[in-house]
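Quick note: the sequence shown uses this note's numbering, first residue 43, plus one each step.
Glycine included, every Cβ here is placed at the ideal spot set by N, Cα and C.
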Amino acid sequence: MFNRVVTLKCLGDVEGPRFLDGRTREGSVGLAPGTDGVFTGTRWEMTDLDDDKFPSGRPPVPPRN
Numbered sequence: 043m044f045n046r047v048v049t050l051k052c053l054g055d056v057e058g059p060r061f062l063d064g065r066t067r068e069g070s071v072g073l074a075p076g077t078d079g080v081f082t083g084t085r086w087e088m089t090d091l092d093d094d095k096f097p098s099g100r101p102p103v104p105p106r107n
């Protein structure tokens, strides 16, 4: 297993905030203009899960709309 901290950046062509920002106090997410200072929710931990964490051995795939 591994743990790694990453940032998730929107690569779209619309101007504005781009970094996924988790807001644990409010239980919400939004986009932040940067990853420093008060935007501590822009750092996300990736964790490799064992295959036995999911019944099929793979995480569920969300339906496409």
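Residue burial classification, residue i (beta-carbon count within 10 angstroms, cutoff 16)
| i | result |
| --- | --- |
| Asp78 | exposed |
| Gly72 | exposed |
In DSSP terms, what residue i is bridged to
| i | result |
| --- | --- |
| Val47 | Glu87 |
| Gly79 | Gly79 is not bridged to any residue. |
| Arg65 | Ser70 |
8 Å contact criterion, which residue i and residue j should meet: CB distance rounded
| i | j | result |
| --- | --- | --- |
| Leu53 | Phe61 | So it is not a contact: roughly 11 Å between Cβ atoms. |
Residue i to residue j span [Cα, whole Å]
| i | j | result |
| --- | --- | --- |
| Arg85 | Val47 | 6 Å |
| Gly58 | Gly69 | 22 Å |
| Thr89 | Gly64 | 17 Å |
| Asp55 | Asn45 | 31 Å |
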